[in-house]
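I have placed the structure first, in the form of structure tokens, so that the comments after it can refer back to it.
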Amino acid sequence: MARVVRLAGTLPAIITEDSRPGDWIGNLSLSGDIAGLVSIEAIGPGGSFFCVSYDPALALATITPGALLDYEAFLAAGLTPEVSFSLRFNFLDGTWLDDPTPFRIEVRDVDDTPPTGLAFATGGSVTAGAIGAIIGTLAVTDPDSAGPFTFTFPEEDAWRFEVVGNTLKLRDGVS
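Just so you know, we're using our numbering here: the sequence shown kicks off at 186 and counts up by one.
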């Protein structure tokens with residue numbers, strides 16, 4: 186007769202990229218034919234991103250991140266930012282049972298990547314002696330965000346330049 190393991194509970198439907206153990210956690214209660222159950226593992230395409238610990242005294246499976254998920258990597262590969270996995274129940278007698286129910290977890294983006302490009306959209310130079318002149322309009326490339334962006338200067342240059350919106354200019358009184 187085939188073993189039957191029943192799960193109760195739900196997993197969070199969303200995980201934020203770069204989540205570590207403790208940032209995302211799911212608990213599932215087990216019942217049914219769990220005598221001799223020694224371990225549970227996440228299997229399938231997204232299984233390697235999760236760790237499963239099993240507490241036989243509580244009949245509880247705890248699922249946490251086991252590897253960092255990168256939202257931009259999914260997009261770069263042309264994939265939907267989602268991971269799916271199923272559970273495999275391993276028993277003391279060497280047998281196992283694969284649960285056919287997949288868990289699907291959406292991967293959410295966070296602004297964790299610095300901008301990759303800073304360039305002039307217009308301009309890029311200033312005429313000597315032009316006090317407070319506009320140098321140009323800045324354009325930023327950032328895989329995580331459309332902005333707004335904050336621009337800063339090293340202390341030795343901050344007295345000379347300022348950015349208003351996305352326009353780089355000489356400070357008033359500076360030429």
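All C-beta atoms in this analysis are idealised placements derived from N, C-alpha and C, irrespective of residue type, glycine included. It should be emphasised that the depicted structure is a prediction, and the values quoted were computed from it without experimental measurement.
Handout entry: DSSP-derived helix/strand/coil call for Ser-360
Key = coil
Practice task
Take Pro-197 and list the residues in its own chain whose beta-carbon comes closer than 7 Å to its own, dropping the five residues that flank it on each side.
Solution key: Trp-209, Gly-211
Handout entry: Nonlocal neighbours in the same chain, by C-beta distance under 6 Å from Phe-338, ignoring five residues either side
Key = Phe-346
Handout entry: Coil, strand or helix - Gly-232 by DSSP
Key = helix
Practice task
Confirm, please, whether the CB-CB distance from Val-348 to Gly-317 is below 9 Å.
Solution key: no
Exercise for the section: Please classify Val-292: is it buried, with 16 or more other beta-carbons within 10 angstroms of its beta-carbon, or exposed? Expected result: buried
Problem - From Asp-218, Thr-195, Asp-284, residue whose alpha carbon lies closest to that of Glu-226 - result: Asp-284
Practice task
Mind the definition here: the stretch 220-239 touches the stretch 319-329 only if three or more C-beta pairs lie below 8 Å; say whether that holds.
Solution key: no
Practice task
Just the C-alpha distance for Ala-313 and Ala-252, rounded to the nearest angstrom, thanks.
Solution key: 54 Å
Practice task
Alpha carbon to alpha carbon, how far is Val-325 from Trp-281? Give it in angstroms, no decimals.
Solution key: 52 Å
Practice task
Just tell me which of Leu-215, Lys-354, Leu-277, Thr-301 has its CA closest to the CA of Gly-308.
Solution key: Lys-354
Exercise for the section: Would you mind listing the beta strand (DSSP E) stretches within the stretch 199-226 that are 3+ residues and don't spill past its ends, in chain order? Expected result: 199-201, 211-217
Problem - Own chain partners of Arg-356 with C-beta closer than 8 Å, once the 5 adjacent residues on each side are dropped - result: Gly-317, Trp-344, Arg-345, Phe-346, Glu-347
Practice task
Starting from the Cα of Ser-269, find the closest Cα among Leu-260, Pro-206, Pro-287 and give me that residue.
Solution key: Pro-287
Handout entry: For Ala-306, the first and last residue of its enclosing beta strand (DSSP E)
Key = 302-308
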